[in-house]
């Protein structure tokens, strides 16, 4: 459920730092986030995304 009418770009969360992540905001994967994921090996990228999704994110764009 989106409870906060603000977006967040989860760049640091993709690298494992989730302290300031707000799961009740819409998370926008922009070019920086997608470029970061693309430079990782596929298993690491999948693991990072799985960890992020496990946090109960309301919505990804």
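Numbering (the numbering used here), first residue to last: 6 to 66.
Using N, Cα and C, we set each Cβ at its ideal position, and we do this for glycine too.
These figures come from a predicted structure and were not determined experimentally.
Based on Cα-Cα distance, which residue from 30, 6 and 7 lies nearest to residue 15?
Residue mapping note: residue 15 aligns to position 10 of the chain shown, counting from 1. Taking only the C-alpha atoms, the option nearest residue 15 is 30.
Identity of the residues DSSP links to residue 64 by a beta bridge
Indexing the chain shown from 1 puts residue 64 at position 59. Residue 64 is bridged to 31.
Exposed or buried, which one is residue 66 when buried takes at least 16 other CB atoms within 10 Å?
One-based indexing of the chain shown puts residue 66 at position 61. Exposed, by the Cβ-count rule.
Return the chain-ordered list of same chain residues with a C-beta closer than 8 angstroms to the C-beta of residue 64, the five sequence neighbours on each side being excluded.
As a first step, residue 64 is located in the chain shown; it is residue number 59 there, counting from the start. The beta carbon of residue 64 is closer than 8 angstroms to those of 7, 31 and 32 in its chain, skipping five residues each way along the sequence.
Could you tell me whether the Cβ atoms of residue 19 and residue 42 are closer together than 8 angstroms?
The count along the chain shown starts at 1 and reaches residue 19 at position 14. The count along the chain shown starts at 1 and reaches residue 42 at position 37. Between residue 19 and residue 42, the gap from beta carbon to beta carbon is short of 8 angstroms.
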